[in-house]
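In the working numbering, the protein residues as written are 98 to 249.
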């Protein structure tokens, strides 16, 4: 597969709106990039990941996400990768629901998760194993690496 990129927010593009403007930053990403069939990624732990998932993405922006026809990839970016990713999946499912794929694993509706902080071969394997043990499809996940991979 050829390489490609998607629109993705980084911490500065969220925090520039200030804590009170966090939801506006997310809404701006949706307005600019969430088109039918598109994919966009948004770092969501600049202030409080669980608040962002439960109250901003999963409540205030839920209809906009679902109505857009896009796939919004939520990026938790801190904490223990295995715990954070699996808790993120569970909370997103509570907000957006899921469907069963042909193998009986749950696929989130309209949202996915990308983990790019603190991952290596071992942690990716652990995340995938835990994800499957919870009944989620690994197609809900993507992985990336920032500067850490260049320092090893």
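Glycine included, every Cβ here is placed at the ideal spot set by N, Cα and C. All values derive from a computational prediction rather than experimental measurement.
Residue i - DSSP class collapsed to helix/strand/coil
{"i": "residue 171", "result": "strand"}
{"i": "residue 216", "result": "coil"}
{"i": "residue 239", "result": "strand"}
{"i": "residue 193", "result": "helix"}
{"i": "residue 103", "result": "coil"}
{"i": "residue 138", "result": "strand"}
{"i": "residue 231", "result": "coil"}
C-beta atoms of residue i and residue j nearer than 7 Å
{"i": "residue 179", "j": "residue 224", "result": "yes"}
{"i": "residue 136", "j": "residue 106", "result": "no"}
{"i": "residue 209", "j": "residue 232", "result": "no"}
{"i": "residue 205", "j": "residue 237", "result": "yes"}
{"i": "residue 162", "j": "residue 122", "result": "no"}
Nearest-angstrom Cα separation, counted from residue j out to residue i
{"i": "residue 88", "j": "residue 166", "result": "In this structure the chain extends from 98 to 249, so residue 88 is not present and cannot be described."}
{"i": "residue 201", "j": "residue 190", "result": "15 Å"}
Of the residues the options, the one placed nearest residue i, counting alpha carbons only
{"i": "residue 160", "options": "194, 146, 176", "result": "194"}
{"i": "residue 130", "options": "146, 150, 149, 102", "result": "102"}
{"i": "residue 188", "options": "239, 152, 116, 111", "result": "152"}
Check your understanding: How about the segment 164-183 and the segment 214-225: do they share at least three Cβ pairs that are nearer than 8 Å?
Key -> yes
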